[in-house]
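**Student:** Chains A and B are the protein sequences, given in the same order.
Start counting the first sequence at 1; every next residue gets the next number (the numbering used here).
Start counting the second sequence at 1001; every next residue gets the next number (the numbering used here).
Yeah, the Cβ is synthetic: ideal placement off N, Cα and C, and Gly gets one too.
Model, not experiment: these values are computed from the prediction.
Encoded as structure tokens, here's the structure I'll be asking about.
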Amino acid sequence: MNGTNMLYPQLFDSMEQARWSLANDIPWDHFERAKLSERQAHGIKMNAILEWSAMPTAEMFLRDNQHDTDFAAFISIWFFEEQKHSLTLLEYLRRFAPDFLPTEAELAAVRFSFDPAPALESLALHFCGEVRLNQWYRCAREYHTEPVIRHIYATLAADEARHARAYYSYMSKALSIARIDAAQAFTKIGVLMTNARLNKAMHPTNLHVNKALYPNDTVNARLPDPKWLSTWLDDEIEFDQVWEARVEQGILGNLSSLFATPITGVRDLRRFRESMRTPTQEFSATMEA
Amino acid sequence: MYCLCSNSSFDDILERQRVAPLPRTEMINRHTGCAQGCGSCIDALLAEAEFLELLPEERATCAP
């Protein structure tokens, strides 16, 4: 790409090489009806609607990143793939549990305007969200016994990890352009998204994003079953402390790499964040690296 | 770097490779979760392993 440091061309290439076909790469003919319960079909419906909420998120990203044509271009890929996730889950329901297919109105309910937000914080927030979703889907794969949905969740988990890596690339680029601002935004979100006391299901779909619509301004609140997520995590797929630790390590391990400083626990991240407020030798050395 | 699909840092993966060196494909299959995961880290991991001379076939090729 002539004279630019755009990430979009190489991300387009790598993601195109990794892309799977909804029609040909999902083993639809391996379905085993006896291994799918109504409650599980309900969970698949809710996940299909959650994935549909990529739509207002993409709209937010495009609106809040008018200064960043490279990132905005990447969002075209991300949006396509997230909508494809929703379509894959919808196709599963259409074939095997049509009573659970969401209505168009139920899908439309999660498309609402998000308040403008700092672009770097949104970037870090969605990096953390992809890390978490990767583990949720890996856990969901283990929970299900029905072969087709197991394959789908494994496929979606891999896509979410790829998205996290792409967001990481943009975080790394942002650090090279606006080091202090980016570091402050990323550590702020890192602390928020690894603090289980604040919110057990720390995912963008659980955050309030429109003051005028409060309290009906989270994606989860606009699901047909707003209490579904916590039940799914706690009582169905059993997303326990072992899984939670993997999310935390995924976030902290990548932030550690990003800042080129050891961050093995939330305490380390808080300490690093504190060092930015009153620059110490440690922070200055890291930022100059 | 930290590989999400392996739940491991690159350092940890490369340490496993140092302790139990394997050829490229086997290294990815045995020491990482990349083969069942997203694949984003494979090229970077192999490049680091090569740079650190942790790939047995590379060492054999370079031997005098």
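When the distance is taken between beta carbons, is A/F61 closer than 9 Å to A/S122?
**Tutor:** Counted from its first residue, the first sequence places residue 122 of chain A at position 122. Counted from its first residue, the first sequence places residue 61 of chain A at position 61. It is a contact, given that the beta carbons lie within the stated cut-off.
**Student:** Report yes if the CB atom of A/I44 is closer than 9 Å to the CB atom of A/A97, and no otherwise.
**Tutor:** Taking the first sequence and counting its residues from 1, the one referred to as residue 44 of chain A is at position 44. Taking the first sequence and counting its residues from 1, the one referred to as residue 97 of chain A is at position 97. Result yes, Cβ atoms of A/I44 and A/A97 sit closer than 9 Å.
**Student:** Anything in the stretch 232 to 254 of chain A with a Cβ closer than 7 Å to a Cβ of chain B? List those residues in chain order, please.
**Tutor:** The residues in question are R246, Q249, G250, G253 and N254.
**Student:** Name, going along the chain, the residues of the stretch 114 to 140 of chain A whose beta-carbon falls closer than 7 Å to a beta-carbon of chain B.
**Tutor:** V131 and N134
**Student:** Pairs of beta-carbons, one from the stretch 82 to 91 of chain A and one from the stretch 144 to 160 of chain A, closer than 8 Å: are there three or more?
**Tutor:** yes
**Student:** Going by beta-carbon coordinates alone, are A/G190 and A/L133 separated by less than 9 Å?
**Tutor:** Translated into the one-based positions of the first sequence, residue 190 of chain A becomes position 190. Translated into the one-based positions of the first sequence, residue 133 of chain A becomes position 133. Not in contact: A/G190 and A/L133 (Cβ atoms no closer than 9 Å).
**Student:** Can you name the start and end residues of the alpha helix (DSSP H) that A/D70 belongs to?
**Tutor:** For this step, residue 70 of chain A is matched to residue 70 along the first sequence. Per DSSP, A/D70 is one residue of the alpha helix (DSSP H) stretching across T69 to F96.
**Student:** Using a Cβ-Cβ cutoff of less than 7 Å, which residues in the same chain neighbour B/L1054 once the five nearest sequence positions on both sides are dropped?
**Tutor:** For the purposes of this step, residue 1054 of chain B is taken as residue 54 along the second sequence, with counting starting at 1. So the qualifying residues of the chain are L1014, Q1017, R1018 and P1021.
**Student:** Go through its chain and collect everything with a Cβ distance to A/N195's Cβ below 8 Å, but skip five positions before and after it.
**Tutor:** Here the question's residue 195 of chain A lines up with position 195 in the first sequence. For A/N195, where only same-chain residues beyond five positions count, the Cβ hits under 8 Å are M202 and V266.
**Student:** For B/S1009, name the three-state secondary structure that DSSP assigns.
**Tutor:** Against the second sequence, residue 1009 of chain B aligns to sequence position 9. Three-state result, B/S1009: strand.
**Student:** Whose Cβ in chain A lies nearer than 8 Å to the Cβ of B/N1029?
**Tutor:** Reading the second sequence from its first residue, position 29 is the one you call residue 1029 of chain B. In chain order: nothing, as chain A lies at least about 16 Å away.
**Student:** Is there contact between the stretch 209 to 219 of chain A and the stretch 157 to 166 of chain A, where contact requires at least three CB pairs shorter than 8 Å?
**Tutor:** no
**Student:** Could you list which residues in chain A have their beta carbon closer than 7 Å to that of B/S1009, in chain order?
**Tutor:** Indexing the second sequence from 1 puts residue 1009 of chain B at position 9. Neighbours of B/S1009 on chain A, chain order: G253.
**Student:** At 7 Å on the CB atoms, spell out the chain A contacts of B/S1006, in chain order.
**Tutor:** On the second sequence, residue 1006 of chain B is found 6 positions in, with the first residue counted as 1. Within 7 Å Cβ-Cβ: nothing; B/S1006 doesn't reach chain A, min ~10 Å.
**Student:** Below 6 Å CB to CB, which residues in the same chain sit around A/R141 once its five sequence neighbours on both sides are set aside?
**Tutor:** Position 141 of the first sequence, counted from the start, is the residue given in the question as residue 141 of chain A. Correct list, in chain order: R150, Y153 and A154.
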